[in-house]
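A.B. asks: Respectively, the protein sequence lines represent chains A and B. Quick note, the first sequence lines up with residues 1 to 577 if you use my numbering. Quick note, the second sequence lines up with residues 578 to 706 if you use my numbering. Every residue gets a Cβ at the ideal spot worked out from N, C-alpha and C, and that includes glycine. All values derive from a computational prediction rather than experimental measurement.
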Amino acid sequence: MIQTIRDIFRVIRHPGDLFSISAADPYKSLKIRVVLLDAILSLLPLVIVVTISYFWFQSILKEDYRSQIKWQIENTKQSLDFFIEERVSGLRFIASTFTYEQLSDRKTLANVFLKFKREVSGLVDLGVIDSNGIQQAYVGPYKLEGKDYSNHDWFDEVTVRNVYVSDVFMGYRKLPHFAIAVKRELPEQGTFWILRATIDVETLSKFASAMNLGAEDDAFLINKEGVIQTPSQFHGNVLGKLTFPLPGSQQGVTVHEITESPHHECTICGYAELKNSPWILVAMIQSAPYLKIPRIFKNELLFIIIISTIIGIIVVTRIANTLVNRIQEAEKEREDAIAQSEHASKLASVGRLASGVAHEINNPLAIINEKAGLIKDILEVSEDPSKNREKFLGLINSIFDSVSRCRTITHRLLGFSRRMDTAHELFDMNDAIREVLGFLEKEIMFRNIRLELVLAEDLPRLMSDKGQIQQVLLNIFNNALDALLEGKEGAITITTDSKDQKIRVSVSDNGHGIPKDKLKKIFEPFYSTKEKGKGTGLGLFISYGIIKKLGGNILVESEATKGTKFTIEIPTTSTSQ
Amino acid sequence: MKQAGIKVLIVDDEVALANTLAQRLKMRDLQVETAYNGEEALSRLKQEEPDVMVLDLRMPGMQGMDVLKEVKKTHPHIQVIILTGHGTDKEEEEAKILGGFCFLKKPAEIETLAAKIKGAFSEKCAKTP
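1. Give a yes or no on contact between the segment 121 to 138 of chain A and the segment 190 to 203 of chain A, applying the rule of three or more CB pairs nearer than 8 Å.
2. Buried or exposed for Gly677 of chain B, please, with buried defined as at least 16 other CB atoms from any protein chain shown within 10 angstroms of its CB.
3. Is the Cβ-Cβ distance between Ala324 of chain A and Lys31 of chain A less than 8 Å?
4. Please report the Cβ distance between Ala181 of chain A and Trp154 of chain A, rounded to the nearest whole angstrom; I am assuming they are in contact, meaning their Cβ atoms lie under 8 Å.
5. Is His343 of chain A close to chain B? Criterion is C-beta to C-beta, closer than 8 Å.
6. Using CA coordinates, which residue listed in A:Val124, A:Ile542, A:Leu379 and A:Glu383 is at the minimum distance from Leu395 of chain A?
7. Using the beta-carbon count (16 or more within 10 Å), is Asn237 of chain A buried or exposed?
8. In angstroms, rounded to a whole number, what distance separates the CA positions of Thr567 of chain A and Glu668 of chain B?
9. Given that a residue counts as buried once 16 or more other Cβ atoms are within 10 Å of its Cβ, and exposed if not, what is Ile41 of chain A?
10. Taking all protein chains shown into account, decide if Gln136 of chain A is buried (16 or more other Cβ within 10 angstroms of its Cβ) or exposed.
11. Can you pull out the residues from the segment 358 to 374 of chain A whose beta carbon lies closer than 7 Å to at least one beta carbon of chain B?
12. Of all the CB atoms in chain C, is at least one closer than 8 Å to the CB of Arg601 of chain B?
13. Using beta-carbon positions only, say whether Val34 of chain A and Ala320 of chain A come within less than 8 Å of one another.
14. Sort out for me which residues DSSP pairs Cys266 of chain A with in a bridge.
15. Would you say Gly638 of chain B reaches chain A, if we count a Cβ-Cβ gap shorter than 8 Å as a contact?
16. From the DSSP secondary-structure annotation, give me the bridge partner or partners of Ala366 of chain A.
17. Relative to the C-alpha of Lys376 of chain A, which residue among B:Ile655, B:Lys682 and B:Glu686 is closest?
18. Is it a yes or a no for the segment 364 to 374 of chain A touching the segment 594 to 614 of chain B, going by three-plus beta-carbon pairs under 8 Å?
19. Can at least three beta-carbon pairs, one atom from the segment 201 to 214 of chain A and one from the segment 138 to 151 of chain A, be found at a separation below 8 Å?
20. Assign Met582 of chain A to one of three DSSP states: helix, strand, or coil.
21. Can you tell me the Cβ-Cβ gap for Lys466 of chain A and Phe427 of chain A, rounded? I've got them flagged as a contact below 8 Å.
22. Using a C-beta to C-beta distance shorter than 7 Å, which residues of chain A count as neighbours of Leu598 of chain B?
23. If you compare alpha carbons, which of A:Lys516, A:Lys549, A:Val316 and A:Leu393 is closest to Leu36 of chain A?
24. Nearest chain A C-beta to Ala593 of chain B closer than 8 Å, yes or no?
25. Taking the C-alpha atoms as reference points, what is the distance between Met170 of chain A and Ile48 of chain A?
26. Could you run through the segment 441 to 470 of chain A and flag, in chain order, every residue whose CB is less than 8 Å away from some CB of chain B?
27. Once you ignore the five residues that flank Leu453 of chain A on each side, which residues in its own chain have a CB closer than 6 Å to its CB?
28. Assign Glu625 of chain B to buried or exposed, taking buried as 16 or more other Cβ atoms, counted over all protein chains shown, within 10 Å of its Cβ.
29. Just to make sure I have the definition right: I need the residues of chain B whose C-beta is within less than 7 Å of the C-beta of Ser398 of chain A. Which are they?
30. Check Thr203 of chain A in the structure and name its three-state DSSP category.
31. Considering only residues of the same chain and omitting the five flanking positions on each side of Val158 of chain A, which have a CB-CB separation below 7 Å?
32. Roughly how many whole angstroms lie between the Cα atoms of Ser398 of chain A and Arg601 of chain B?
33. Which bits of chain A does Ile674 of chain B rub up against, with CB to CB less than 7 Å?
34. State yes or no: is the beta carbon of Pro684 of chain B nearer than 8 Å to at least one beta carbon in chain A?
35. Which residues in chain B sit within 9 Å of Asp377 of chain A, going by Cβ to Cβ distance?
36. Looking at Asp200 of chain A: is its Cβ nearer than 8 Å to the Cβ of Val124 of chain A?
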């Protein structure tokens with residue numbers, strides 16, 4: 001079995017070897033084919049199921065993870081929105097509660113700032129700016145009182161929009177911060193004033209860390225131009241430009257994969273635009289967590305596949321071994337049976353020969369017996385044997401004749417049996433036919449069979465196996481004799497001719513013939529149309545084999561009740577195949 | 578019992594054998610005639626009925642077994658001894674069923690044949706009053 005498994009792996013590695021194995025040992029190649037086919041049939045569905053479930057599991061996991069991220073981003077976005085909203089509302093409340101004059105008083109402003117700072121975190125300073133952009137009052141850590149903001153973008157924006165949340169910027173203080181400004185109209189005077197608070201960027205960063213991200217992950221804010229607003233772990237400094245573009249913003253949270261982000265091989269990028277501020281919340285999450293789970297799952301599946309494959313191949317190899325061994329045994333038994341029957345068939349034809357020969361020899365032997373007996377009788381009764389000299393000579397000559405008759409028969413038989421061994425020799429087909437007929441002439445004579453020989457005189461001699469050809473001829477002649485019907489004048493015609501370096505012998509009889517449905521089976525082994533016990537069913541099978549081996553051909557034509565014609569064609573120079 | 582009176586007809590297609598056999602049996606005081614095929618043997622019966630027939634089985638034309646059948650039908654008293662060069666057990670059995678007296682194989686000892694002829698003649702005498 002180990003050898004078979006080794007062969008299978010050899011074939012898998014070098015598929016061309018299957019053909020070299022098949023040429024060398026058909027059973028081995030059959031074994032390998034059965035194993036491979038069975039293995040493919042039984043393991044392929046397993047592999048397909050495992051692969052499908054792997055990808056299915058991975059996609060479910062991915063989807064689940066993405067929605068988790070989406071949910072986290074959504075939550076943080078809402079918190080941030082609320083954070084900004086809270087500060088904007090606070091400023092609005094202050095601006096509507098106090099008058100410009102009240103807040104322009106630094107003391108009142110400081111008082112309001114302190115109370116406001118207690119309520120909301122991240123507040124750095126608070127200032128009141130008049131419609132000319134001059135900061136009239138200021139409370140905070142910097143000396144910004146009297147600063148002119150009229151040429152600042154945010155000032156223009158808040159004048160138009162009433163409320164404005166700025167990008168993060170350095171400003172006069174050279175520290176990243178952002179400003180929230182609200183405008184208060186003074187319709188009576190036809191003018192306005194602005195309450196402005198700045199908020200530390202650090203406060204915004206806390207929201208990112210509140211997302212509970214892993215050490216490899218990153219969350220930060222960018223503005224719509226892609227400028228980083230809060231500190232990022234891996235994607236650049238505050239006010240630096242984001243190194244990769246984000247696809248156009250959509251409503252809600254967008255999650256997509258970035259396979260080649262600068263720091264990680266496969267990253268999930270989720271982002272959402274904030275409602276009342278000019279920022280986008282970005283979360284860059286390394287995809288490892290959801291890849292790690294499939295890796296475990298993958299290993300388990302791989303383990304299952306390997307174990308199933310090993311068990312499968314062992315079982316299939318065992319089955320194939322048993323199967324092919326059974327086939328091999330059956331084949332051998334069949335071959336043995338054919339060989340045995342071939343022997344039996346040879347014995348049967350030898351038996352037929354022997355019985356014919358016995359009759360032919362017993363007659364001359366009986367004559368010798370009687371002639372010698374007569375001489376003895378005469379000698380016993382005669383007083384002067386010399387008187388019977390002439391009679392004795394006649395009797396002795398008659399004995400010699402009979403001995404000669406016996407010799408002819410035994411020599412013919414010896415010649416025939418000697419040629420049972422395969423050997424090529426140069427011979428005349430007509431002579432070979434006559435020799436075989438010599439064994440059957442008595443039977444032909446006694447059964448009053450009309451034998452017609454139409455033998456071509458100019459037949460070329462042929463170089464072939466005379467013994468085997470005579471064995472075939474004897475078989476065909478015997479079949480013709482057996483086919484003749486009782487009570488009908490039997491006729492057998494034997495014809496020879498030559499054409500295209502081939503000698504053709506036709507033997508036709510007017511016997512019972514062979515029905516069409518049986519005709520195609522007559523060269524099969526163990527098929528006989530004769531009565532049970534009369535034929536072995538191997539004569540024509542063996543004859544067919546012999547003629548094919550000699551490079552010839554054997555044909556049959558027959559019509560039921562009319563007769564049969566066998567034709568053999570032998571090349572004049574046949575080489576055993 | 579007078580041996581010289583026993584009339585024997587030898588039926589065999591081997592002319593030399595039939596003639597020599599006839600000669601030797603004559604020397605043993607038997608009246609012997611020969612026929613060289615079945616048809617001739619049957620026509621001979623019409624002229625003179627032998628006591629015993631020595632019959633070969635394989636002959637060109639009418640076969641010995643058919644001759645035996647015919648003889649037993651038309652002349653049931655004639656005793657038939659089969660003398661064949663090609664005797665099988667099956668043929669021996671068939672001959673016995675058809676009423677043959679005995680079955681000998683060629684070449685047979687002349688004394689055995691002569692004794693069988695005498696035995697057959699005694700049988701014939703016993704059967705015919």
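C.D. replies: Concretely, from the data shown:
1. Taking one beta carbon from each stretch, the segment 121 to 138 of chain A and the segment 190 to 203 of chain A have 3 or more pairs nearer than 8 Å; the two touch.
2. Under this definition Gly677 of chain B is a buried residue.
3. The sequence shown places Val at residue 324 of chain A, not Ala. With a cutoff of 8 Å on beta-carbon distance, Val324 of chain A and Lys31 of chain A are scored as near each other.
4. Between Ala181 of chain A and Trp154 of chain A a beta carbon distance of about 6 Å is seen, short of the 8 Å cut, so the two are scored as contacting.
5. Answer no: the Cβ-Cβ gap between His343 of chain A and chain B never drops below 8 Å.
6. Measuring from the Cα of Leu395 of chain A, the nearest candidate turns out to be A:Leu379.
7. Burial call: exposed.
8. Going by the C-alpha atoms only, they are around 35 Å apart.
9. In the sequence on display, residue 41 of chain A carries Leu and not Ile. Under this definition Leu41 of chain A is an exposed residue.
10. Buried: at least 16 other Cβ atoms inside 10 Å.
11. For the segment 358 to 374 of chain A, the set of residues with a beta-carbon nearer than 7 Å to any beta-carbon of chain B comprises Ala358, His359, Asn362, Asn363, Leu365, Ala366, Ile367, Asn369, Glu370, Lys371, Gly373 and Leu374, in chain order.
12. Looking at the structure shown, chain C is missing, and the protein chains on hand are A and B.
13. Yes, these two residues count as a Cβ contact at 8 Å.
14. Answer by DSSP bridge pairing: none, since Cys266 of chain A is not bridged.
15. Residue contact check for Gly638 of chain B against chain A: a CB pair falls below 8 Å.
16. Answer by DSSP bridge pairing: none, since Ala366 of chain A is not bridged.
17. For the options B:Ile655, B:Lys682 and B:Glu686, the alpha carbon positioned closest to that of Lys376 of chain A is the one of B:Glu686.
18. Cβ pair count under 8 Å is three or more, so yes.
19. Flag = no, the segment 201 to 214 of chain A and the segment 138 to 151 of chain A do not touch.
20. Since the displayed chain A opens at 1 and closes at 577, residue 582 of chain A lies outside it and no answer follows.
21. Yes, they are in contact, since the Cβ atoms of Lys466 of chain A and Phe427 of chain A sit about 5 Å apart, within 8 Å.
22. Correct list: Glu370.
23. When only C-alpha atoms are compared, the closest one is A:Val316.
24. Yes - at least one Cβ of chain A is within 8 Å of the one on Ala593 of chain B.
25. So the two alpha carbons sit approximately 60 Å from each other.
26. Result list: Lys442, Met445, Phe446 and Asn448.
27. Once the five neighbours on either side are set aside, the close Cβ partners of Leu453 of chain A are Ile494.
28. With fewer than 16 Cβ atoms within 10 Å of its Cβ, Glu625 of chain B is classed as exposed.
29. The answer, in chain order, is Ala593.
30. In the structure shown, Thr203 of chain A sits in a helix (DSSP, three-state: H, G or I).
31. Shown here for Val158 of chain A: same chain residues with a beta carbon closer than 7 Å to its own, the five before and five after excluded, namely Tyr164, Ala181, Lys183 and Ile194 in chain order.
32. Whole-angstrom Cα-Cα distance: 15 Å.
33. What Ile674 of chain B touches in chain A, judged by beta-carbon distance under 7 Å, is nothing: the nearest beta carbon there is about 19 Å away.
34. Yes, Pro684 of chain B counts as interfacial toward chain A.
35. Those are Gln600, Arg601, Met604, Arg605 and Ile687, listed as they occur along chain B.
36. Taking the C-beta atoms as reference points, Val124 of chain A is found nearer than 8 Å to Asp200 of chain A.
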